[in-house]
Amino acid sequence: MPSSSPRPAASAASTRRAAPYGTPTARPAGAVTWDDFLACVTAPSPAGLNRQVARDAGQLAVVEAAPGESLFIIAGPGTGKTTALALRILKLVFVDGLDPAAVLATTFTKKAATELRSRVLGWGDTLRRALLARYAADAAAAERLRTLDLNRVVTGTLDSIAEQVLTLYRAPGSQPPIVLEDFVARAVLQRALWHAQRHKNPDLLAYAQHLHVQSRMLARDVVSFRLWTVGTHPGAAVLCDAVASYEAQLADSLTVDFAGLEQQFLEAIRDGRAREFTDTLRVILVDEYQDTNLLQEQIYLALGAAAAARGGAITIVGDDDQSLYRFRGATVELFVDFPDRLRRACGVRPRTVALSNNYRSTPAIVQFFGGFADADPDYSPARVPSKPALAAARGGTFTAYPCWACSGLTSARWPGISPRSLRRCSAGAASGSGVGRTPSPSCATRSPAASAIAPSSAVRPRRCRAAAIRASPSSCGSTSCRAPHQSRW
């Protein structure tokens, strides 16, 4: 049994959240309770993680969700999505008793994948020590905590996971995939275009101009070139010949590009060659889903279906306001329409969770970001319906700048954004004008670091906007101004 240290009694809700299979009293052998896990997460360092997820309803909903519940997470910038994902993984292992190898977490970049894995391993070790102190008298729990190997959690980019799976589960006598870097693959494609002077073919040039974005998607998505040639444009046949030549060169050199790697991974999942891998999965977590293309979506849905067949689930995280990779075939609609697409593909209806508390930026930046995103009415249809606005939740002391009054911000310069809604320093407030006239020591836009910078003759003075308008050499309250009238510079 757990140690006798005082702990609050488990409520009915917390007991239900801790039960992984829908049975209120069920607790896997060797697993810990939700209350003990949450207490260690919120405890101050070094005894705990000092992560107050219970104060954020969105983060708490992500972490406490049962293994069999799929989630559609809308996470704005700075809302702690990596924290929520890492703690969800650890909760699945410590509380729900999942084998670490049953959890797959993938994200878009190597840096983000490394950060997620670092948190899982680092925080997991801290939680292990804290929970061992609580469960020293419970032999089964203590033994599981001591032998738990969090390195078995599968993390990485989709391409790295695909390469690893195709290497480990390849057929006897076959070679592992050799993946070409993008710049090498582009060089091979250029060689295919140059062959037989295809790049000078007027039909191909005209057809390329006609395709626009679709021409870029050819290299990133599943396209039947046999069907693509069906049409009246003569450039389509030339393009398909070039692509066929490109694929033949890759096959001759026993190499693949990243799109080919993902295609092979999808085929291995569908035809059962990767069954030894997919049979172990219970929970799939995908970050930065707004940058997913159609081929990658099919992989995630296939993995989600495999997990759901064994009582598992898929969780995706993204933000429609941060979709940056349309030039690589990414389609933000795949994120916006994910609940319906998952239901049609897997028969699963995910629960929507919004992370809307920004802990990174100052209130002025958060407010400006929200106003800027809402300023274009034509942009709204591309966003998730009923998406909550981003709220400033940053704590502690900070310098909020620039003051709109001192910087000369006007509605004419920023259509759709009202300067009155942004932070205004006491100098601007006292002047009653668009530009502050009297420098105020209490102006929140003054940065302590700026006053410590020594004057430098190497800095070329610039005419201050405030001085230009008010013709006063002492009117500016902006710390970024390098005009001569600021004596502290």
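Numbering (this note's numbering), first residue to last: 265 to 753. Yeah, the Cβ is synthetic: ideal placement off N, Cα and C, and Gly gets one too.
Extent of the continuous beta strand (DSSP E) to which residue i belongs
{"i": "Ile548", "result": "Val547 to Val550"}
{"i": "Ile442", "result": "From DSSP, Ile442 is part of no beta strand (DSSP E); its letter is neither H nor E."}
{"i": "Arg615", "result": "Arg615 to Leu619"}
{"i": "Gly582", "result": "Ala577 to Gly582"}
{"i": "Ala369", "result": "Val367 to Thr371"}
7 angstroms CB neighbourhood of residue i in its chain, flanking five on each side removed
{"i": "His754", "result": "Past the edges of the chain, shown from 265 to 753, lies residue 754, and the structure says nothing about it."}
{"i": "Ala566", "result": "Leu530, Ile533 and Arg534"}
{"i": "Arg574", "result": "Arg546"}
Bounding residues of the alpha helix (DSSP H) (the contiguous stretch that carries residue i)
{"i": "Gly634", "result": "Pro627 to Asp638"}
{"i": "Gly499", "result": "Gly499 to Asp516"}
{"i": "Thr347", "result": "Lys345 to Phe358"}
{"i": "Gly524", "result": "Phe522 to Asp535"}
{"i": "Val600", "result": "Val596 to Val600"}
{"i": "Tyr471", "result": "Pro466 to Leu475"}
{"i": "Gln460", "result": "One point to set straight first is that residue 460 is Ala, not Gln, in the sequence displayed. Note, Ala460: premise wrong, no alpha helix (DSSP H); not H, not E."}
{"i": "Tyr564", "result": "Leu558 to Ala572"}
Residue i - DSSP class collapsed to helix/strand/coil
{"i": "Ala449", "result": "helix"}
{"i": "Ala295", "result": "coil"}
{"i": "Asp543", "result": "coil"}
{"i": "Arg647", "result": "coil"}
{"i": "Ala657", "result": "coil"}
{"i": "Asp555", "result": "helix"}
{"i": "Arg434", "result": "coil"}
{"i": "Ser690", "result": "Only weak support exists for where Ser690 lies, its pLDDT of 42 falling under 50; the value from the coordinates is given anyway. In this structure, Ser690 counts as helix in the three-state DSSP scheme."}
Beta-carbon proximity list for residue i, same chain, < 6 angstroms, skipping 5 on both sides
{"i": "Asn314", "result": "Pro308"}
{"i": "Pro652", "result": "Ala618 and Ser620"}
{"i": "Ala418", "result": "Per the sequence shown, the amino acid found at residue 418 is Val instead of Ala. Only Leu368 meet the Cβ criterion."}
{"i": "Asp320", "result": "Asn621"}
{"i": "Pro498", "result": "Asp467"}
{"i": "Asp551", "result": "Thr371 and Val581"}
{"i": "Tyr564", "result": "Val550"}
{"i": "Gln562", "result": "Leu530"}
{"i": "Leu598", "result": "Thr556 and Glu561"}
{"i": "Gly294", "result": "Ala404, Ala405 and Arg408"}
{"i": "Arg658", "result": "Tyr623"}
{"i": "Asp585", "result": "Ala637"}
{"i": "Leu444", "result": "Thr519 and Asp521"}
{"i": "Gly568", "result": "Ile548, Ile578 and Cys610"}
{"i": "Ala655", "result": "Ser620 and Asn621"}
{"i": "Ala538", "result": "Val429, Tyr433 and Ala532"}
{"i": "Pro603", "result": "Phe336 and Pro614"}
{"i": "Arg416", "result": "Pro364 and Ala365"}
Own chain residues within Cβ distance below 8 angstroms of residue i, not counting five before or after
{"i": "Thr347", "result": "Arg315, Val317, Gln323 and Arg383"}
{"i": "Thr431", "result": "Pro440 and Pro441"}
{"i": "Asp505", "result": "Arg462"}
{"i": "Glu526", "result": "Leu422, Asp423, Ala426, Leu559, Gln560 and Ile563"}
{"i": "Leu362", "result": "Pro284, Pro331, Leu356, Arg546 and Val547"}
Requested in this report: List in chain order: all unbroken alpha helix (DSSP H) runs of 4+ residues lying wholly within the stretch 306–342.
Outcome: 321–328
**Report entry** Every unbroken alpha helix (DSSP H) inside the stretch 394–426 [4 residues or more]
**Finding:** 403–411
Query raised in the report: Are three or more beta carbon pairs between the stretch 329–336 and the stretch 373–389 nearer than 8 angstroms?
Result: no
Requested in this report: Specify whether the stretch 344–363 and the stretch 596–607 touch according to this definition: at least 3 beta carbon pairs, one from each stretch, less than 8 angstroms apart.
Outcome: no
Query raised in the report: Is there contact between the stretch 524–541 and the stretch 394–408, where contact requires at least three CB pairs shorter than 8 angstroms?
Result: no
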